[in-house]
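Number of protein chains: 2
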Amino acid sequence: MSRLAKTDADMVRVHNRLAVLDHLRRVGTTTRKLVSEATGLSVSASSAISGTLLRCGLLEELEDDERSIRRGRPGKSLALCGGAARVAALKIAVGEVTGRISDYAGRPLAELRREVDISGEDGDRLVALLAELAAALLERTGLPDLDKVVVAVQGKTHSDLSGIVWSPALKHWNIEIAAPLSQRLGADVSVLNDCSLMPEAFRWRPEFSGLDFATLFVGFGVGMGLKINGATFQGKHSSAVEFGHINHMPHGALCRCGNRGCVEAYASDYAIWRRATGGDAIPAHRISDAVMQRLADAARAGDEAARIAFEEAGIAIGYGLGRVYTMIDPLPIVLTGSGARAIDLLEPAIRTGIRESSVDGLGADAPFILVEDTDALVFDAGTAHALAALDQAFARSAAEATEAA
Amino acid sequence: MSRLAKTDADMVRVHNRLAVLDHLRRVGTTTRKLVSEATGLSVSASSAISGTLLRCGLLEELEDDERSIRRGRPGKSLALCGGAARVAALKIAVGEVTGRISDYAGRPLAELRREVDISGEDGDRLVALLAELAAALLERTGLPDLDKVVVAVQGKTHSDLSGIVWSPALKHWNIEIAAPLSQRLGADVSVLNDCSLMPEAFRWRPEFSGLDFATLFVGFGVGMGLKINGATFQGKHSSAVEFGHINHMPHGALCRCGNRGCVEAYASDYAIWRRATGGDAIPAHRISDAVMQRLADAARAGDEAARIAFEEAGIAIGYGLGRVYTMIDPLPIVLTGSGARAIDLLEPAIRTGIRESSVDGLGADAPFILVEDTDALVFDAGTAHALAALDQAFARSAAEATEAA
DNA sequence: ACCATTTTTTCCGAGGCTTGGAAAAAGTCT
DNA sequence: AGACTTTTTCCAAGCCTCGGAAAAAATGGT
Numbered sequence: 003m004s005r006l007a008k009t010d011a012d013m014v015r016v017h018n019r020l021a022v023l024d025h026l027r028r029v030g031t032t033t034r035k036l037v038s039e040a041t042g043l044s045v046s047a048s049s050a051i052s053g054t055l056l057r058c059g060l061l062e063e064l065e066d067d068e069r070s071i072r073r074g075r076p077g078k079s080l081a082l083c084g085g086a087a088r089v090a091a092l093k094i095a096v097g098e099v100t101g102r103i104s105d106y107a108g109r110p111l112a113e114l115r116r117e118v119d120i121s122g123e124d125g126d127r128l129v130a131l132l133a134e135l136a137a138a139l140l141e142r143t144g145l146p147d148l149d150k151v152v153v154a155v156q157g158k159t160h161s162d163l164s165g166i167v168w169s170p171a172l173k174h175w176n177i178e179i180a181a182p183l184s185q186r187l188g189a190d191v192s193v194l195n196d197c198s199l200m201p202e203a204f205r206w207r208p209e210f211s212g213l214d215f216a217t218l219f220v221g222f223g224v225g226m227g228l229k230i231n232g233a234t235f236q237g238k239h240s241s242a243v244e245f246g247h248i249n250h251m252p253h254g255a256l257c258r259c260g261n262r263g264c265v266e267a268y269a270s271d272y273a274i275w276r277r278a279t280g281g282d283a284i285p286a287h288r289i290s291d292a293v294m295q296r297l298a299d300a301a302r303a304g305d306e307a308a309r310i311a312f313e314e315a316g317i318a319i320g321y322g323l324g325r326v327y328t329m330i331d332p333l334p335i336v337l338t339g340s341g342a343r344a345i346d347l348l349e350p351a352i353r354t355g356i357r358e359s360s361v362d363g364l365g366a367d368a369p370f371i372l373v374e375d376t377d378a379l380v381f382d383a384g385t386a387h388a389l390a391a392l393d394q395a396f397a398r399s400a401a402e403a404t405e406a407a
Numbered sequence: 003m004s005r006l007a008k009t010d011a012d013m014v015r016v017h018n019r020l021a022v023l024d025h026l027r028r029v030g031t032t033t034r035k036l037v038s039e040a041t042g043l044s045v046s047a048s049s050a051i052s053g054t055l056l057r058c059g060l061l062e063e064l065e066d067d068e069r070s071i072r073r074g075r076p077g078k079s080l081a082l083c084g085g086a087a088r089v090a091a092l093k094i095a096v097g098e099v100t101g102r103i104s105d106y107a108g109r110p111l112a113e114l115r116r117e118v119d120i121s122g123e124d125g126d127r128l129v130a131l132l133a134e135l136a137a138a139l140l141e142r143t144g145l146p147d148l149d150k151v152v153v154a155v156q157g158k159t160h161s162d163l164s165g166i167v168w169s170p171a172l173k174h175w176n177i178e179i180a181a182p183l184s185q186r187l188g189a190d191v192s193v194l195n196d197c198s199l200m201p202e203a204f205r206w207r208p209e210f211s212g213l214d215f216a217t218l219f220v221g222f223g224v225g226m227g228l229k230i231n232g233a234t235f236q237g238k239h240s241s242a243v244e245f246g247h248i249n250h251m252p253h254g255a256l257c258r259c260g261n262r263g264c265v266e267a268y269a270s271d272y273a274i275w276r277r278a279t280g281g282d283a284i285p286a287h288r289i290s291d292a293v294m295q296r297l298a299d300a301a302r303a304g305d306e307a308a309r310i311a312f313e314e315a316g317i318a319i320g321y322g323l324g325r326v327y328t329m330i331d332p333l334p335i336v337l338t339g340s341g342a343r344a345i346d347l348l349e350p351a352i353r354t355g356i357r358e359s360s361v362d363g364l365g366a367d368a369p370f371i372l373v374e375d376t377d378a379l380v381f382d383a384g385t386a387h388a389l390a391a392l393d394q395a396f397a398r399s400a401a402e403a404t405e406a407a
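Going line by line, the protein sequences match chains V and L. Throughout the first sequence, residue numbering follows the working numbering, covering 3 to 407 in sequence. Throughout the second sequence, residue numbering follows the working numbering, covering 3 to 407 in sequence.
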């Protein structure tokens with residue numbers, strides 16, 4: 003019925019603890035005084051909150067032996083205590099399951115990759131595979147258990163973070179992951195779409211602070227993540243921001259999703275490949291990075307068919323971005339995937355597409371930021387998402403810890 | 003630097019007062035007990051806050067002489083005190099300037115319409131015209147002054163709510179409105195795009211509570227408003243959600259904005275008219291509602307050219323919605339403008355368009371809610387926006403009022 | 001070495017807002 | 001008129017944060 007709920011002292015406490023943790027995530031190491039300046043809290047409050055978090059074991063005081071430059075009592079350095087918790091970011095993709103485990107400070111502890119044909123797996127076996135991967139990761143670190151797990155999935159996921167609706171990596175539909183995996187691992191599990199999760203990787207990076215932007219993956223598929231009004235966008239029904247399936251051309255090229263004219267049907271690896279090689283069917287298997295690399299080299303060397311394929315891909319991406327810009331606003335783009343490696347071939351066409359499809363050509367000069375390692379980006383994003391969830395939980399539960407002291 | 007700011011008792015007080023005001027806006031009249039139940043506040047707190055707001059003159063106790071049905075002490079009815087403030091919603095459109103003044107309870111007090119050719123006006127004269135309109139409205143009500151004014155504009159407005167970037171109603175660009183009009187009227191002024199403002203009209207309507215939806219205006223232009231994650235979307239750079247200028251067809255029909263293939267170039271009055279009459283130029287003058295009505299009747303009577311014109315309009319709208327749905331999520335649509343009157347001609351094509359352009363045809367069954375009176379919708383929206391701003395201001399300043407008592 | 005200076009941290013009382021329970025108020029029902 | 005029920009008010013208590021004072025920990029100068 004009513005939309006606005008009350009607030010009380012509890013909320014204030016939770017919010018302010020979160021503000022302190024958030025500041026620490028941004029700067030890595032700080033002092034009570036600096037916390038006070040960054041958050042606007044009084045030094046007394048900053049000191050009190052830091053003390054509580056220290057007693058909870060979330061923070062630790064560092065023994066810094068560097069002689070201070072300035073006069074006066076040097077501030078005691080505070081940092082997130084890595085040992086306070088462990089999180090895992092797992093990734094389900096075509097033909098592989100990968101994962102990274104990190105400590106509470108965000109430091110990676112171990113990474114693992116399993117190349118397996120998972121296409122035929124049902125829910126039970128997929129969960130078992132993920133659990134086994136998590137166990138193997140834990141074993142490498144010698145640590146006992148996990149506190150939070152994020153599963154990033156190629157494909158559409160449920161908006162309640164419970165599992166997979168559909169994935170190109172799997173034949174089965176509607177696979178429940180979160181609940182059974184959570185039971186196995188004894189940790190909270192969230193399942194999200196890999197592309198829409200990507201902006202989380204920049205959550206605490208100072209150069210992206212307060213900035214709205216989009217992440218764009220161009221590869222075997224085309225996907226987008228949106229950071230808007232300071233929050234990573236999540237749809238109500240599905241993982242959303244299906245940029246690859248925004249229609250580019252009515253009744254256009256055939257897309258994997260069954261529709262015609264999607265951006266993906268022009269800009270994904272398979273679309274570029276089939277356009278360059280003269281077909282119009284969807285290849286049964288994934289086009290390898292090596293093949294795409296050769297195709298790009300051919301285009302650079304003057305192969306007309308290849309050049310046109312990349313150009314049309316760029317136009318489709320550009321029109322898609324222009325449409326997004328018209329709706330939302332021009333945004334900087336973080337670009338990753340095989341498209342990032344072929345940016346020299348794509349960029350002019352992308353900018354042409356934006357210019358032709360947005361009012362006054364707005365956004366045609368939006369900056370592109372290239373990220374080479376897509377896997378690392380997804381791990382960073384999943385880890386950040388997991389840590390943010392933990393911070394929230396810890397800020398809430400620190401109430402009990404206060405009494406324990 | 004840091005994103006999360008501190009919270010303290012002041013914030014709690016402001017937030018909770020706002021919760022009480024918000025509840026009152028939703029239900030109209032309430033009691034202290036009901037406030038407590040709706041907000042989650044204790045009855046003591048609810049009573050204390052109500053008392054403060056009463057002393058501030060924002061609320062009033064009603065003498066309800068109806069005999070209570072239930073046993074026990076009857077709750078004393080509380081309602082927003084209309085006399086606490088006055089707000090105006092002004093509207094700038096092609097060939098007219100209109101306005102409505104309302105009291106703090108949201109009751110309309112007067113409406114006025116000036117049909118004038120404003121196309122050649124510069125900033126000063128436009129501000130003077132608006133000020134004169136506001137003064138005339140005030141005079142009708144016999145009230146002294148305004149507390150908040152919202153100006154809804156056809157066209158693009160600055161995201162800082164300061165004025166107009168460009169409007170089809172005006173020849174001049176970049177007209178500053180808020181600051182000079184505010185100085186004249188002695189009230190805070192906000193300038194917003196009419197279409198993106200529309201969702202505000204439903205801010206406190208119970209059937210839209212907590213619901214994300216879009217408002218779609220189809221008429222002389224095509225515009226959209228977006229309520230998303232509980233907030234009315236506002237772009238960072240411009241008024242945004244330029245649905246009418248989302249590209250429908252690369253290199254397609256010529257649009258007023260200079261681009262080719264915009265949704266507006268297929269779905270607006272002028273687009274439908276020129277398609278039906280066989281031209282491809284943009285008519286110099288606005289197509290009247292009467293002409294559009296006749297065109298619709300012709301289509302219903304079997305005129306093939308007219309039928310196709312409406313069908314192509316529907317397809318363009320449908321593809322546009324499908325693209326939005328693919329990005330965000332399927333949303334209910336509140337439809338208004340001449341397009342709402344021709345919904346019988348448009349709807350099948352719109353749904354076809356959505357089906358062909360969204361993954362799995364998702365959203366093809368999204369509900370359409372028709373609103374006949376577009377002017378009233380904009381006034382409702384402007385008034386709600388103004389009242390929400392006042393509530394926020396009052397909740398903040400009630401601090402001083404506490405001491406005054 | 002020693003003391004003044006500077007800066008950070010801790011400690012303590014005060015103030016503000018909400019809470020929960022008790023008391024008061026204002027009706028209905030028998 | 002008295003019992004009962006429900007709403008409202010009143011008051012002590014609990015949690016935060018804030019501001020200032022005191023303590024702590026380093027540097028710089030003599």
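Note that CB positions come from ideal geometry on N, CA and C, so glycine has one too.
Nearest-angstrom Cβ-Cβ length linking residue 136 of chain L and residue 151 of chain L, presumed shorter than 8 Å: The Cβ separation is near 7 Å, so the contact holds.
Taking Cβ to Cβ, would you say residue 338 of chain V is nearer than 9 Å to residue 297 of chain V? no
So who's on the other strand from residue 370 of chain L, going by DSSP bridges? L:335
May I have the straight-line CA-CA distance separating residue 95 of chain L from residue 109 of chain V, to the nearest angstrom? 57 Å
Within the segment 83-140 of chain V, note down every full beta strand (DSSP E) run reaching 3 residues or more, in order along the chain. 88-95, 98-105, 110-117
What residues in the segment 330-348 of chain V bring their beta carbon closer than 8 Å to a beta carbon of chain L? 330, 331, 332
Is the beta carbon of residue 342 of chain V less than 9 Å from the beta carbon of residue 374 of chain V? yes
To the nearest angstrom, how far is it from the Cα of residue 124 of chain L to the Cα of residue 132 of chain L? Distance between the alpha carbons of residue 124 of chain L and residue 132 of chain L: 12 Å.
Please state whether DSSP places residue 347 of chain L in a helix, a strand or coil. helix
Who are the neighbours of residue 20 of chain L on chain V, taking C-beta pairs under 9 Å? 6
Can you look up residue 213 of chain L in the DSSP assignment and give me helix, strand or coil? DSSP, read as helix, strand or coil, puts residue 213 of chain L in coil.
Contacting positions in the segment 80-109 of chain L - beta carbon closer than 7 Å to chain V: none
State yes or no: is the beta carbon of residue 2 of chain V nearer than 9 Å to at least one beta carbon in chain L? This structure cannot speak to residue 2 of chain V, because chain V is shown only from 3 to 407.
At a cut of 8 Å, does the segment 172-182 of chain V reach the segment 358-366 of chain V through at least three beta carbon pairs? As far as the Cβ criterion goes, the segment 172-182 of chain V does not touch the segment 358-366 of chain V, which means the pair count is below three.
For a test of the three-state rule: what should DSSP assign to residue 284 of chain V, helix, strand or coil? coil
C-alpha distance - residue 403 of chain V paired with residue 202 of chain V, whole-angstrom precision: Residue placement at residue 403 of chain V is flagged as unreliable, the pLDDT there being 48, under the threshold of 50; a coordinate-derived value is accordingly withheld.
Kindly indicate which residue of L:92, L:211, L:13, L:9 has the alpha-carbon position closest to the one of residue 395 of chain L. L:13
What does DSSP give as the partner residues of residue 256 of chain L in its beta bridges? L:262
What does the alpha-carbon distance come out to for the pair residue 272 of chain V and residue 349 of chain V? 19 Å
What residues in the segment 23-52 of chain V have a beta carbon less than 8 Å from any beta carbon of chain L? 24, 25, 28, 40, 41, 42, 43, 47
Please work out which residues of its chain come closer than 6 Å, Cβ to Cβ, to residue 21 of chain L, disregarding the five sequence neighbours upstream and downstream, and give them in chain order. 41
How many angstroms separate the CA atom of residue 195 of chain V from the CA atom of residue 128 of chain V? 16 Å
Taking 8 Å as the cut-off, is the C-beta of residue 219 of chain L nearer than that to any heavy atom in the ligand SAH? For the structure depicted, the ligand SAH is absent and the ligand set is empty, with no information on it obtainable.
Kindly give me the distance between the Cβ atoms of residue 376 of chain L and residue 91 of chain L, rounded to whole angstroms, as I take these residues to be in contact under 8 Å. Actually they are not in contact, since the Cβ atoms of residue 376 of chain L and residue 91 of chain L sit about 13 Å apart, beyond 8 Å.
Would you mind reading off the limits of the beta strand (DSSP E) that contains residue 195 of chain V? 190-195
Within a Cβ cutoff of 8 Å, which residues of the same chain sit near residue 231 of chain V, ignoring the five residues on either side of it in sequence? 214
With three or more beta-carbon pairs closer than 8 Å as the criterion, would you say the segment 214-223 of chain L touches the segment 317-330 of chain V? no
Is it the case that the segment 279-288 of chain L contacts the segment 273-286 of chain V, given that we only count it when at least three CB pairs across the two stretches are under 8 Å? no
What three-state label does DSSP hand residue 183 of chain L in the structure shown? helix
Using C-beta distances below 7 Å, list every residue in its chain close to residue 139 of chain V, excluding the 5 sequence neighbours before and after it, in chain order. These residues qualify, in order along the chain: 90, 101, 103, 112, 114.
Beta-carbon contacts of residue 382 of chain L that lie in its chain and below 7 Å, excluding the five residues immediately before and after: 203
Look at the alpha carbon of residue 469 of chain V and the alpha carbon of residue 169 of chain V, and state the distance between them as a whole number of angstroms. Residue 469 of chain V cannot be examined here, being either before or after the span of chain V that is shown, 3 to 407.
Nearest by alpha-carbon distance to residue 56 of chain V: which of V:68, V:74, V:80, V:46 is it? Answer by Cα proximity: V:80.
Taking a Cβ distance cut-off of 7 Å, strictly less, list which residues of the segment 292-324 of chain L are near chain V, in chain order. From the segment 292-324 of chain L, only 321, 324 have a Cβ closer than 7 Å to chain V.
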